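For the protein sequence lines, the chains are A and B, in the order given.
In this note's numbering, each residue carries its 1-based index in the first sequence increased by 42.
In this note's numbering, each residue carries its 1-based index in the second sequence increased by 7.
Every residue gets a Cβ at the ideal spot worked out from N, C-alpha and C, and that includes glycine.
In this text the structure is predicted, and so the values were computed from the model without any measurement.
Structure, as structure tokens:
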Amino acid sequence: MAKTGVYTFLVCALMCGAAYAAFFRAPDEATMHLVQRIFYLHAPSGMTSLAAFLVSFIGSVTYILTRKPKWDWLAVSAAEVGLAFCTVVLITGPIWAKPAWGVWWAWDARLTSTLVLWMLYVAFLILRTMIEDSDRRALVSAFFGVFAFLDVPLVYGSIWWWRMQHPQPVVFTSTGLDPTMRKVFNLSWLSLTCLMALLIRQRYELESSREELRTIEQELEAN
Amino acid sequence: MKLLSNTAVLLRKEVHAEFRSHELLTTTSVFMLIVIVLFSFTFDPTSAESRQFGPGLLWLAFLFSASLMLQACFLRERTNDTLSALRLAVNDPFAIFLAKLCANTIFLLVAELVLLFVFAVFYNVSVFPVFPQLVLVFFLGSLGISTTGTALSAVSSQARMREVLLPLLLMPLLVPVLIPSTEATKALLETEPALRWDWLGILVAFDVVFLTALWLFGEYLLEE
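Set out below in structure tokens:
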């Protein structure tokens with residue numbers, strides 16, 4: 043419990059630091075000015091959501107192969123956290139798009155594929171509510187989790203081919219991003235990744251406690 | 008070899024069942040027809056507009072109809088309690104999926120080709136010069152829809168609200184089929200038709216990825 047408290051405090055401190063750096067340390071962008079600073083939340087959230095979905099995929103595959111409930115707990119925890127970060131991307135994207143493009147929503151490749159990704163994982167979570175038996179639910183949703191994750195590169199590839207209006211990525215190129223901006227970006231990314239790990243861990247503990255409660259209830263009913 | 012012979016027997020069973028009842032093909036074709044006719048009320052289908060919007064409408068009609076058609080796929084086995092018998096009858100459970108997805112692809116393709124001619128008449132589009140190329144696009148698209156649809160039919164048949172659940176799971180997953188199929192069909196219906204291999208490549212990639220995933224993990228879905 044104390045360990046979680048310390049970790050939570052560290053994550054909060056890191057996030058406060060990242061927010062301070064994004065608003066006061068990162069240089070002003072020449073054309074977009076203040077609105078560009080949403081980039082330090084928008085882009086790392088997208089990358090963090092993909093990382094969470096990867097964790098969910100690993101949980102799903104390992105559950106199918108081992109049938110240990112803890113992998114199902116990991117898969118659902120990571121999917122929920124990934125969906126939360128994906129929602130942040132979908133909210134901050136239009137906030138940036140309105141002043142930059144003049145419209146709240148443009149059907150460009152990255153926003154559209156993120157929206158499809160969001161719909162896939164909403165469907166994943168809805169599916170879980172539709173099956174009563176916990177073993178069956180874990181197996182069936184793990185199978186859909188595998189399908190959903192395999193669909194991600196195909197969704198991205200097909201939409202990218204279809205429409206490309208979004209600014210080209212400058213994060214991973216050596217010349218695209220100002221060095222201070224890159225440092226601030228990396229700090230934001232690190233803080234959100236730590237937050238993701240914390241949230242997945244907390245959600246996992248909750249799922250584990252639920253299972254424990256279910257077992258106790260079943261034992262009481264049997265007696 | 009055993010997989011192929013088991014699949015052939017089960018495929019014959021699926022086709023026989025359909026020819027006896029005529030349920031799937033009739034309802035799917037009529038549903039596609041209704042959707043295509045209803046779409047014509049939403050815009051004035053001149054020849055130029057039909058070439059621009061028609062392929063998208065056509066593939067949306069195929070997708071909606073397929074999501075209805077695929078409901079029955081595993082539900083029938085569960086309602087009649089014949090899934091255990093099927094599992095006992097085959098060496099490799101993948102044969103059950105392979106037979107069902109082949110049958111679904113055939114049924115879907117037949118309904119699509121029938122509706123293609125209706126679409127050509129209603130929307131004043133010439134399809135004869137590019138018919139073989141259209142069949143190739145329709146086949147790859149239908150294979151993608153059937154592969155994921157058959158697997159997700161096995162998923163949704165085990166859940167509550169399964170009638171709503173299948174389209175909910177299937178539609179977002181099929182975005183990489185809808186876009187290339189529509190674009191490839193559109194390129195073929197242009198005044199200067201072209202077979203777009205880039206879009207066909209995405210369709211082939213989708214089919215290969217999901218067939219492999221179904222082969223690797225599908226059998227776990229059939230566990231009792």
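Which residues in chain B have a C-beta closer than 8 Å to the C-beta of residue i? List them in chain order.
{"i": "R286 (chain A)", "result": "Nothing can be reported for residue 286 (chain A): it is not among the residues displayed for chain A, which extend from 43 to 265."}
{"i": "I106 (chain A)", "result": "F224, Y227"}
Quick one: residues in its chain with C-beta nearer than 7 Å to the C-beta of residue i, no 5 flanking neighbours on either side, listed in chain order?
{"i": "Y49 (chain A)", "result": "L240"}
{"i": "V121 (chain B)", "result": "S36"}
{"i": "L173 (chain B)", "result": "S74, L77, Q78, L159, S160, S163"}
{"i": "L177 (chain B)", "result": "S74, T155, G156, L159"}
{"i": "S188 (chain B)", "result": "W66, V144, G148, L210"}
{"i": "T90 (chain A)", "result": "F127, L234, T235, M238"}
{"i": "L18 (chain B)", "result": "A106, C109, A110"}
{"i": "Y246 (chain A)", "result": "W115, L116, S119"}
{"i": "N265 (chain A)", "result": "none"}
Just to check my reading of the structure: residue i and residue j have Cβ atoms closer than 8 Å, yes? What is that Cβ distance to the nearest angstrom?
{"i": "S98 (chain A)", "j": "A120 (chain A)", "result": "4 Å"}
{"i": "R278 (chain A)", "j": "S155 (chain A)", "result": "No information on residue 278 (chain A) is available, as it lies outside the stretch 43 to 265 that chain A covers here."}
{"i": "E170 (chain B)", "j": "K107 (chain B)", "result": "Not confirmed; about 19 Å, so no contact."}
{"i": "F213 (chain B)", "j": "L92 (chain A)", "result": "Actually they are not in contact, since the Cβ atoms of F213 (chain B) and L92 (chain A) sit about 20 Å apart, beyond 8 Å."}
{"i": "L229 (chain B)", "j": "I43 (chain B)", "result": "Actually they do not touch by this definition, with Cβ atoms about 36 Å apart."}
{"i": "E190 (chain B)", "j": "W204 (chain B)", "result": "At roughly 12 Å, the Cβ-Cβ gap does not stay under 8 Å, so E190 (chain B) and W204 (chain B) are not in contact."}
{"i": "P200 (chain B)", "j": "P136 (chain B)", "result": "7 Å"}
Provide the residue span of the alpha helix (DSSP H) that contains residue i, from first to last.
{"i": "T53 (chain B)", "result": "Run containing T53 (chain B): none; DSSP gives neither H nor E here."}
{"i": "V164 (chain A)", "result": "151-171"}
{"i": "G124 (chain A)", "result": "111-143"}
{"i": "A96 (chain B)", "result": "90-96"}
{"i": "L175 (chain B)", "result": "169-180"}
{"i": "T104 (chain A)", "result": "81-108"}
{"i": "Q165 (chain B)", "result": "Taken as a continuous stretch (DSSP letters only), Q165 (chain B) belongs to no alpha helix (DSSP H), as it is neither H nor E."}
{"i": "L7 (chain B)", "result": "Chain B is shown only over 8 to 231; residue 7 (chain B) falls outside these bounds and no answer can be derived."}
{"i": "S233 (chain A)", "result": "221-264"}
{"i": "M57 (chain A)", "result": "44-62"}
{"i": "L221 (chain B)", "result": "204-228"}
{"i": "Y3 (chain A)", "result": "Nothing can be reported for residue 3 (chain A): it is not among the residues displayed for chain A, which extend from 43 to 265."}
Only counting the same chain, and skipping five residues up and downstream in sequence, which positions put a Cβ closer than 6 Å to that of residue i?
{"i": "H208 (chain A)", "result": "Residue confidence for H208 (chain A) is low, a pLDDT of 49 falling below 50, so the modelled location carries little weight; the figure read from the coordinates is stated next. Hits under 6 Å: D150, A151, R152."}
{"i": "T192 (chain B)", "result": "P62, V144"}
{"i": "D99 (chain B)", "result": "L10"}
{"i": "L229 (chain A)", "result": "A60, A63"}
{"i": "L150 (chain B)", "result": "T112, D214"}
Just to make sure I have the definition right: I need the residues of chain A whose C-beta is within less than 8 Å of the C-beta of residue i. Which are they?
{"i": "Y130 (chain B)", "result": "Result: empty, since nearest Cβ-Cβ is about 23 Å, beyond 8 Å."}
{"i": "T155 (chain B)", "result": "F189"}
{"i": "I209 (chain B)", "result": "L196, G199, S200, W203"}
What in chain A is Cβ-close to residue i, meaning under 9 Å?
{"i": "V214 (chain B)", "result": "For the sequence presented, residue 214 (chain B) should be read as Asp rather than Val. Correct list: empty, because the minimum Cβ distance to chain A is about 10 Å."}
{"i": "P187 (chain B)", "result": "S200, W203, W204"}
Run down chain A in chain order and give the residues with a C-beta less than 7 Å from the C-beta of residue i.
{"i": "F124 (chain B)", "result": "Those within 7 Å of F124 (chain B) in chain A number zero; the least Cβ separation is about 28 Å."}
{"i": "L175 (chain B)", "result": "A165, I168"}
Please go through the same chain and pick out, in chain order, the residues whose beta-carbon is closer than 8 Å to the beta-carbon of residue i, but skip the five residues on each side of it.
{"i": "S250 (chain A)", "result": "K112, W115"}
{"i": "L232 (chain A)", "result": "L56, A60"}
{"i": "Q59 (chain B)", "result": "K193"}
{"i": "E253 (chain A)", "result": "P111, W115, S176"}
List, in order along the chain, the chain B residues whose C-beta lies closer than 7 Å to that of residue i?
{"i": "M172 (chain A)", "result": "A166, R167, M168, L172"}
- Message: For the segment 146-168 of chain A, list every residue whose C-beta sits within 7 Å of some C-beta in chain B, in sequence order.
- Response: The residues in question are V158, M161, L162, A165, I168.
- Name the residues in the segment 178-205 of chain A whose C-beta lies less than 8 Å from a C-beta of chain B; which are they? Those residues of the segment 178-205 of chain A that come within reach of chain B (Cβ to Cβ, closer than 8 Å) are R178, L181, V182, F185, F186, V188, F189, A190, L192, D193, L196, V197, G199, S200, I201, W203, W204.
- Taking a cut of 8 Å between CB atoms, which residues from the segment 192-205 of chain B lie near chain A? When C-beta distances to chain A are compared with 8 Å, the residues of the segment 192-205 of chain B below that value are D205, in chain order.
- Query: Just by C-beta distance, which residues in the segment 134-158 of chain B are closer than 9 Å to chain A?
  - Reply: In summary, the residues of the segment 134-158 of chain B whose CB is separated from some CB of chain A by less than 9 Å are T155, A158, in the order they occur in the chain.
- Along the segment 21-52 of chain B, what residues have a CB closer than 8 Å to any CB found in chain A? Listed by position along the chain: nothing, the set is empty.
- Query: Mind listing which residues of the segment 240-263 of chain A have their C-beta closer than 7 Å to chain B's C-betas, in chain order?
  - Reply: Against chain B - using a Cβ distance shorter than 7 Å - the segment 240-263 of chain A contributes no residues.
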